[in-house]
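Student: Sequence lines, in order, name chains A and B.
Residue 176 in the numbering used here sits at position 176 of the first sequence; the count goes up by one each step and never skips.
Each number in the numbering used here corresponds to the 1-based position in the second sequence with 1000 added.
C-beta: ideal position from N, C-alpha, C; glycine also.
Handing you a structure now.
Number of protein chains: 2
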Amino acid sequence: MSELFQQLQPYLDRAFALNAACTLFNWDQYNAPKDSIENTSKIIGILSGEQYRALINDEVKNLLPRLSTPEAQKELAFHEKAIIRLLNKQFRKLSLIPPEEYQAYSSLLVQAYPIWEAAKNNNDYASYAPVLEQIITYSKKFAGYAQKEGQTLYDAALDDYEEGFTTKILDDFFGRLSAALTPLVKKISQKQDLISTQCLHKFYPADTQEKFCHFLAEYIGFDYNRGLTSESEHPFTTQLHNHDVRFTNHYYENKLDSAIFSAIHEGGHGLYEQGIDDKITLTIVGSGTSMGMHESQSRFYENNIGRSREFWKPIYQKLVDMYPEQLSQVSLDEFYKAINASCPSLIRTEADELTYPFHIMIRYEIEKMIFDGQVTVDQLPALWNQKYEEYLGITPSNDTEGILQDMHWSGGSFGYFPSYAIGSAIAAQIYHHMETVMPIKDYLEQGNLAPIREYLKEHIHRFGCCKNTQEILMDMTGESFNPEYYIKYLTDKYSSLYEL
Amino acid sequence: MSELFQQLQPYLDRAFALNAACTLFNWDQYNAPKDSIENTSKIIGILSGEQYRALINDEVKNLLPRLSTPEAQKELAFHEKAIIRLLNKQFRKLSLIPPEEYQAYSSLLVQAYPIWEAAKNNNDYASYAPVLEQIITYSKKFAGYAQKEGQTLYDAALDDYEEGFTTKILDDFFGRLSAALTPLVKKISQKQDLISTQCLHKFYPADTQEKFCHFLAEYIGFDYNRGLTSESEHPFTTQLHNHDVRFTNHYYENKLDSAIFSAIHEGGHGLYEQGIDDKITLTIVGSGTSMGMHESQSRFYENNIGRSREFWKPIYQKLVDMYPEQLSQVSLDEFYKAINASCPSLIRTEADELTYPFHIMIRYEIEKMIFDGQVTVDQLPALWNQKYEEYLGITPSNDTEGILQDMHWSGGSFGYFPSYAIGSAIAAQIYHHMETVMPIKDYLEQGNLAPIREYLKEHIHRFGCCKNTQEILMDMTGESFNPEYYIKYLTDKYSSLYEL
């Protein structure tokens, strides 16, 4: 290690450890006592402030340019160069935010979560609107600090989640998606009686679901010696490092597919984090490279693999054995069709693969309008409902199943939603590529998922943030981001399913 | 707030938040994935180092004396003065230890725990002796740094856990205890057939125990909106602040009393922490004032109240209803006697109220000899066994049930054990005092525990570390520490139980 880098190391260690502490507090919040939030949010606020100061200080400011010269770079290992690159980016972004604003914002977010949660439970958007307004103000302010020449304000927000994906690229992406998929969705809405999902809506006791989901996560390769699972209202994945990866699930006793595909989805995120190289796991480049790439891994497992006939062939009988009364009369083919049925619906997280991107388009368009100042917080519920009618032909009957459904905005995550659609598109691109290098369907039919996981680890997971999304795609598939694979995948799959 | 104190505030906040983060990591360890320890311990190591540096630095070194002058003190609030007092003590103690020794010692302790654990499991004292020797060397060295004029080396160690309790006071305390209780223990050992504990050793399913323990904790006043409970091998209590207090329990299906009295004991610790004033909870004086005072609260609830006839009168039927098969033929009186049966035994944590202090006396005498250089590490097992024979008339058949039973020494906690006995004695003193100010037995019989809890909160809990043990006792009872109440309590209770 170069002497100069060694001088930087304590700052990196401190920032990493403080970030891990904040992560643990956030994880713990889901089980923490009801009345603990106020005090705990102060603690998290102080720790975030410390995390900020660990990187944004005069010593780092002095070291960074010296570590960025061509001579200094020559002495650095691959992952050290990546650390300097990321640190330069973070330093620029964070040093533009005054520390007291950053601290106040962190505290605000901790308080916002329960307010959003209560508002959602009580269908009471008005009680949430003031805090949402504050979060939006901060988010726009911070995006303004980061905004570069030629960027829109929303571009600056997008850059936090998916480097290089601008509104220009996304407008084109969503435009092509919409053009190709809208007619498909329309045709399928007229053939609804072709596939029944009734077999998924019998009574499925939660404890058995939990056991099957544990099996599924292990089946795709999630290592329970290096991770754990828990329950929360909305499934999510988080990690302290590559040996401590955690995800949650939620069990609905009348919706068998919900927890199953959450387990595979979050398990996919988990595999990414467990696959990070030991050398970088305790560093700032030791996690998935972007939201879109992360989402590509979860969706690759959930959809491209997890909703395929081949995936279920070796394991469907296990599910039937666990629920003989409910499933012994349901064939693998019926089950396959049921888990792939498409129908416009109101809740994003419950949407099928085909209508899902429309949920994202709606949020994308609304976020653009928020950042362009074209809509006020008070107008959001009506705008939301209008977009659902426009794109999916349905209107939420209340805000709980409308604008209050997602927690993202309460966490300040503006610019995050597009990553879901980007991830789906990348997943299709990767799947297409993998078909050219291995007999992926045969592996699935044999229940042999190791070669798939190993390939992803080798070409994506182990690098963490040492490569960005486009670099990974180029190195792996020889092609940059290309949404055509996604459009073709959905068109082929749903044309076949609905005999179009 | 004085301007000078305001300058200190960020350091205090940082130290508190980092300490809370370490607390949360330690709590989380009990559920963390098996293979996470190595990486996570690095994170905890970094956070502890930061915590040390948050207080031990040139700015604090400069501010502290300026905040300690009579003029500066005049401007401070009561709790701010307490913060300066405690910080002066901590600063003095920590700054006397050379950082490299502190670091080496911390690393040694991390290694020592698994060595002790393995030695205990394998009954192999020899494998533990070398590391114990090193820990003793460090402990004596550090006590030497802290030692003040006129203090023995062991006094300096005691001061870490119980300010103001010297060997002089403790020699007198244990001398009086031994003189009064030894004949009692002897007489009772000849009347063992008077009380049967058989009713506690039927099969008691763990899930029902858990429900009853939850009820018990709430019954004594533990607020589950501001706390939670979990499971671990050894029950313990910890807290992030007064709105987030957590304790664990362990359920043995053939020992009904174990979890029940752990719940009341840890619940007592929990009430102390939940009773801390909001004004100080996020500061370094925002937790119980000493180990002895903390232990007084847990033992007051567990023993003085929890093992009384009056306590069980309104709730015993509830326990019978939960275990009708096991308990419907067991009268309240039989149950009361069973939970108070006394019999010399080898394991401290399972000892009854009467023989318990002898376990502490033995450890106290051995620790004094260690610090006076009167015994070598090799001689400790034989000395241990000899003392058990001398005080309790029984000899461990191996070191696992002898000197290896406690983890304390492997963690460098020399001077800690006396706090357990001090706590029991304070509990008796407080109980005696409370009988003079309220109809405590009537309250218990009515199932009305609120006045008891409120009184303790008002006179003890809310102050945190703003008063020390002796100050609390003086202000509350008008008397300093007086072990006679404890001796009288045990003598009366056990004379009556065993018809002496």
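Quick check on DSSP: helix, strand or coil for Asp-406/A?
Tutor: Mapped onto the first sequence, residue 406/A falls at position 406. Asp-406/A falls in the coil class under three-state DSSP.
Student: Per DSSP, what are the beta-bridge partners of Asp-1244/B in this structure?
Tutor: For the purposes of this step, residue 1244/B is identified with residue 244 of the second sequence, where counting begins at 1. Looking at the DSSP assignment, Asp-1244/B forms a beta bridge with His-1241/B.
Student: Tell me which same chain residues have a C-beta within less than 7 Å of the C-beta of Asp-223/A, skipping the five on either side of it?
Tutor: Here residue 223/A corresponds to residue number 223 of the first sequence, with the count starting at 1. Answer for Asp-223/A: Gln-274, listed in chain order.
Student: Name the two residues that bound the continuous alpha helix (DSSP H) containing Glu-1133/B.
Tutor: To locate residue 1133/B, count along the second sequence from 1; it is residue 133. Glu-1133/B -> alpha helix (DSSP H) spans 1125–1146.
Student: List, in order along the chain, the chain B residues whose C-beta lies closer than 9 Å to that of Tyr-224/A?
Tutor: In the first sequence, residue 224/A corresponds to position 224, counting from 1. Within 9 Å Cβ-Cβ: Pro-1033, Lys-1034.
Student: Between the Cα of Pro-522/A and the Cα atoms of Leu-47/A, Pro-65/A, Thr-69/A, Ile-83/A, which residue gives the shortest distance?
Tutor: Only positions 1 to 500 of chain A appear in this structure, which leaves residue 522/A out of reach.
Student: Assuming Tyr-1219/B contacts Ile-1315/B under a Cβ cut-off of 8 Å, what Cβ separation, rounded to an integer in Å, is found between them?
Tutor: In the second sequence, the residue the question calls residue 1219/B occupies position 219. In the second sequence, the residue the question calls residue 1315/B occupies position 315. Confirmed, Cβ separation roughly 7 Å.
Student: For Ser-1230/B, name the three-state secondary structure that DSSP assigns.
Tutor: As a working note, residue 1230/B is residue 230 in the second sequence. In this structure, Ser-1230/B counts as strand in the three-state DSSP scheme.
Student: Is the beta carbon of Leu-1153/B less than 8 Å from the beta carbon of Phe-1371/B?
Tutor: Your numbering for residue 1153/B matches position 153 in the second sequence. Your numbering for residue 1371/B matches position 371 in the second sequence. Cβ atoms of Leu-1153/B and Phe-1371/B: closer than 8 Å.
Student: Just confirm the distance between the C-beta atoms of Met-1474/B and Tyr-1455/B, as a whole number of angstroms; I'd bet it's less than 8 Å.
Tutor: Along the second sequence, read from residue 1 onward, the residue named residue 1474/B stands at position 474. Along the second sequence, read from residue 1 onward, the residue named residue 1455/B stands at position 455. Going by Cβ atoms, the distance from Met-1474/B to Tyr-1455/B rounds to 16 Å, so no, they are not a contact pair.
Student: So, is Met-50/A buried or exposed, given that buried needs 16 or more other C-beta atoms within 10 angstroms?
Tutor: Taking the first residue of the first sequence as 1, we reach residue 50/A at position 50. Rather than Met, the amino acid found at residue 50/A in this sequence is Glu. Burial call: buried.
Student: Helix, strand or coil for Asn-1249/B? Go by DSSP, reduced to three states.
Tutor: Residue mapping note: residue 1249/B aligns to position 249 of the second sequence, counting from 1. Strand.
Student: For Pro-205/A, count neighbouring C-beta atoms within 10 Å of its own C-beta (all shown protein chains included) and say buried if the count is 16 or more, exposed if not.
Tutor: Your numbering for residue 205/A matches position 205 in the first sequence. Exposed.
Student: Label Ala-1104/B either buried or exposed according to how many other C-beta atoms from any shown protein chain fall within 10 Å of its C-beta, with 16 as the threshold for buried.
Tutor: Counting from 1 along the second sequence, the entry for residue 1104/B is found at position 104. Ala-1104/B is exposed by the Cβ-count criterion.
Student: Using a Cβ-Cβ cut-off of 6 Å (strictly less than) and excluding sequence neighbours within five positions of Thr-229/A, which residues of its own chain qualify?
Tutor: Taking the first sequence and counting its residues from 1, one reaches residue 229/A at position 229. Counting only Cβ-Cβ distances below 6 Å, and skipping sequence neighbours, we find Phe-247.
Student: Return the CA-CA distance between Ser-1002/B and Glu-1210/B, expressed in angstroms with no decimal places.
Tutor: Counting from 1 along the second sequence, the entry for residue 1002/B is found at position 2. Counting from 1 along the second sequence, the entry for residue 1210/B is found at position 210. The alpha-carbon atoms of Ser-1002/B and Glu-1210/B are separated by roughly 49 Å.
Student: Taking Cβ-Cβ distances shorter than 9 Å, what residues in chain A pair up with Asp-1277/B?
Tutor: Working through the second sequence from its first residue, we reach residue 1277/B at position 277. Chain A residues near Asp-1277/B: none, gap ~12 Å exceeds 9 Å.
Student: Nearest chain B C-beta to Phe-25/A closer than 8 Å, yes or no?
Tutor: Position 25 of the first sequence holds residue 25/A. Taking Cβ atoms only, chain B reaches closer than 8 Å to Phe-25/A, which makes this a yes.
Student: Give the secondary structure of Asn-1019/B by DSSP, where H, G and I count as helix, E and B as strand, and everything else as coil.
Tutor: On the second sequence, residue 1019/B is found 19 positions in, with the first residue counted as 1. Looking at Asn-1019/B - three-state DSSP - the assignment turns out to be helix.
Student: Taking 8 Å as the threshold (beta carbon to beta carbon), is Glu-1218/B in contact with chain A?
Tutor: One-based indexing of the second sequence puts residue 1218/B at position 218. False, the Cβ-Cβ gap to chain A never drops below 8 Å.
Student: Taking Lys-42/A as the query, report the chain B residues whose CB atoms sit under 7 Å from its CB, ordered along the chain.
Tutor: Your numbering for residue 42/A matches position 42 in the first sequence. By Cβ distance, chain B contributes Leu-1282.
Student: Cβ atoms of Glu-353/A and Asn-303/A: under 8 Å apart, would you say?
Tutor: Counting from 1 along the first sequence, the entry for residue 303/A is found at position 303. Counting from 1 along the first sequence, the entry for residue 353/A is found at position 353. Against a cut-off of 8 Å, the Cβ pair of Glu-353/A and Asn-303/A comes out as a contact.
Student: Using CA coordinates, which residue listed in Met-407/A, Ala-341/A, Leu-271/A, Asp-378/A is at the minimum distance from Ala-450/A?
Tutor: Position 450 of the first sequence holds residue 450/A. Minimum Cα distance to Ala-450/A is reached at Leu-271/A.
Student: Does Thr-1355/B pass the burial test, meaning 16 or more other C-beta atoms within 10 Å, or should it be called exposed?
Tutor: Numbered from its first residue, the second sequence carries residue 1355/B at position 355. Label assigned to Thr-1355/B: buried.
Student: Can you tell me whether Ile-1347/B is buried or exposed? The criterion is at least 16 other CB atoms within 10 Å of its CB, across all chains shown.
Tutor: Along the second sequence, one-based indexing puts residue 1347/B at 347. Classification of Ile-1347/B: exposed, given that the 10 Å Cβ count is below 16.
Student: Between the stretch 257–275 of chain A and chain B, which residues of the former have CB atoms less than 7 Å from a CB of the latter, in chain order?
Tutor: Cβ contacts with chain B come from no residue of the stretch 257–275 of chain A.
Student: Does any residue of chain D bring its CB to less than 8 Å from the CB of Ile-1056/B?
Tutor: The structure shown contains no chain D; its protein chains are A and B.
Student: Taking Leu-1018/B and Thr-1283/B to be in contact with their CB atoms under 8 Å, please state how far apart those CB atoms are, rounded to whole angstroms.
Tutor: Taking the first residue of the second sequence as 1, we reach residue 1018/B at position 18. Taking the first residue of the second sequence as 1, we reach residue 1283/B at position 283. 14 Å between Cβ atoms; not a contact.
Student: Any beta carbon from chain A within less than 8 Å of His-1459/B's own beta carbon?
Tutor: If you number the second sequence from 1, residue 1459/B lands on position 459. So no, His-1459/B is outside the interface.
Student: Report all residues from its chain with a CB closer than 7 Å to the CB of Pro-1483/B; omit the five preceding and five following residues, and keep chain order.
Tutor: Here residue 1483/B refers to the residue found at position 483 when the second sequence is read from its first residue. Answer for Pro-1483/B: Phe-1173, Arg-1176, Leu-1177, Ala-1425, listed in chain order.
Student: Compare the C-beta of Asn-1039/B with all C-beta atoms of chain A and state if any pair is closer than 8 Å.
Tutor: Locating residue 1039/B in the second sequence gives position 39, where the first residue counts as 1. Chain A contact via Cβ: present.
Student: Less than 8 Å separating the beta-carbons of Ser-68/A and Asn-88/A?
Tutor: In the first sequence, counting from the first residue as 1, residue 68/A sits at position 68. In the first sequence, counting from the first residue as 1, residue 88/A sits at position 88. In contact: Ser-68/A and Asn-88/A (Cβ atoms closer than 8 Å).
Student: With a CB to CB cut of under 8 Å and the five nearest residues on each side skipped, what residues in its chain are close to Leu-1184/B?
Tutor: What you label residue 1184/B is simply residue 184 of the second sequence in a count that begins at 1. Within the same chain, Leu-1184/B has close Cβ partners Leu-1354, Leu-1490, Thr-1491, Tyr-1494, Ser-1495, Leu-1500.
Student: Can you tell me the Cα-Cα spacing of Glu-1253/B and Tyr-1420/B, whole angstroms?
Tutor: To locate residue 1253/B, count along the second sequence from 1; it is residue 253. To locate residue 1420/B, count along the second sequence from 1; it is residue 420. In a straight line, the C-alpha of Glu-1253/B is about 27 Å away from that of Tyr-1420/B.
Student: What three-state label does DSSP hand Glu-445/A in the structure shown?
Tutor: Mapped onto the first sequence, residue 445/A falls at position 445. Here Glu-445/A sits in helix by DSSP.
Student: Please identify the residue among Leu-327/A, Ile-56/A, Thr-395/A whose C-alpha is closest to the C-alpha of Leu-256/A.
Tutor: Stepping through the first sequence from its first residue, residue 256/A is reached at position 256. When each option's Cα is compared against that of Leu-256/A, the closest is Leu-327/A.
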